[in-house]
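So my numbering is basically just the index in the sequence shown, starting at one, shifted up by 75.
All residues carry an ideal CB built from backbone N, CA and C; glycine is no exception.
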Amino acid sequence: MPRPPTPPACTDRFLFLDEMTRMPAPDLHTLPPRQRGFSLLELSVVLVVIAVIIGAVSVGGDIQRNANYQRVASQHVQAWAVVFDTYASANNLVLGDSATAPTGKVNGADNTPLCGANLRSAVQAAGIRLPPGRAEGSEDLAVYLDASGTPQEVQVCFSSVDWHEPGATSGTYVVRKRNVMTLSRLSPALARLLDAYFDNHPDASFGRFREQSRAAQTTPTSSTWSQNESAIDEAQSASLSAYLLMNR
């Protein structure tokens, strides 16, 4: 912007004023921008956008984790239940039982789990295809992520265990030996999902799917699972064990 001329002497004051009135107005576009902060409205919009992004990430993680849990339920646990039933139908005895002196119990005895390599060998010897599992040679294992994103591993075994059932009198219960699938190293969230998957409602003491410590209570009461994610970090508490009742 051109600088105004130096004011002349008093005698030329009128000429100076006349010259000043003829000077062009300053160009506002050439002036330096006025510095200012964010308004409350702008800050509010930014915070809302950040909240939406965080919420979308959290929901996306929940959807992915639930999909993984559903995969474990259908492609691992349910698949092994089908293997057990297929073996029983094809051989007219349960896994590990004696063909010459059948007892109707897994491994031919009570509380004698059939796990790992022995389980896989018994199924393969019968010509039954193993579920995919974690990898070849680890078909009894399945990997999943818990609520904290930590990888966990659930294992399938079979056994004959104590199992409470309604007695002859209403409201009473008796304990009998039943063949079950044992699932170990379950996270609390996965245990609840499997319970709802097989029983249509989560209850740790009743139905086909029960927490191991409550499967044989002589005076059972409806109860929730003994651990949950809000009480303790799931990465440290993923140690629940459960039973799934077999059909034979």
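Helix, strand or coil at residue i according to DSSP, with G and I counted as helix
| i | result |
| --- | --- |
| Leu216 | strand |
| Ala317 | strand |
| Asn303 | coil |
| Arg323 | coil |
| Arg324 | Any property of residue 324 remains undetermined from this structure, which presents the chain solely from 76 to 323. |
| Arg260 | strand |
| Asn167 | coil |
| Gly183 | helix |
| Thr294 | coil |
| Ser280 | coil |
| Ile203 | coil |
Proximal residues to residue i (C-beta, below 7 Å), its chain only, five neighbours per side dropped
| i | result |
| --- | --- |
| Asn303 | Pro263 |
| Gly183 | Gly171, Asp172 and Ser173 |
| Asn322 | Asp160 |
| Ala201 | Tyr162, Ala165 and Asn166 |
| Val198 | Val158, Tyr162 and Leu205 |
| Asn143 | Tyr219 and Leu220 |
Beta-carbon proximity of residue i to residue j, cut-off 9 Å
| i | j | result |
| --- | --- | --- |
| His151 | Pro188 | no |
| Tyr219 | Thr293 | no |
| Ser301 | Leu319 | no |
| His239 | Val229 | no |
| Leu344 | Val157 | For residue 344 there is no data in the structure shown, the boundaries of the chain being 76 and 323. |
Sequence-distant residues of the same chain with beta carbon closer than 6 Å to residue i, five excluded per side
| i | result |
| --- | --- |
| Phe273 | Arg283 and Phe284 |
| Val181 | Val169, Leu170, Gly171, Leu189, Phe233, Ser234, Ser235 and Asn254 |
| Ala148 | Leu269 and Tyr272 |
| Arg289 | Ala279 and Ser280 |
| Asp237 | Val250 and Ala291 |
| Ser392 | Because the chain spans 76 through 323 in this model, residue 392 falls outside it and cannot be assessed. |
Cross-strand partners of residue i (DSSP beta bridge)
| i | result |
| --- | --- |
| Asn254 | Ser235 |
| Pro241 | Tyr248 |
| Glu286 | Ala317 |
| Gln227 | Tyr219 |
| Leu269 | Looking at the DSSP assignment, Leu269 forms no beta bridge with any residue, so it has no partner. |
| Leu189 | Phe233 |
Below-9 Å beta-carbon distance, residue i vs any chain B residue
| i | result |
| --- | --- |
| Glu228 | Included in the structure is just one protein chain, with no chain B present. |
Neighbourhood of residue i by C-beta, 8 Å cutoff - its chain only, sequence neighbours within 5 removed
| i | result |
| --- | --- |
| Ser297 | Asp278, Ser280 and Phe281 |
| Gly208 | His151, Glu214, Asp215, Leu216 and Ala217 |
| Trp155 | Pro206, Asp215, Val231 and Met256 |
| Thr299 | Pro277, Asp278 and Ala279 |
| Lys252 | Lys180, Asp185, Ser235, Val236, Asp237 and Trp238 |
Checklist entry - Does the region 255-272 touch the region 161-176, meaning 3 or more C-beta pairs lie closer than 8 Å? => result no
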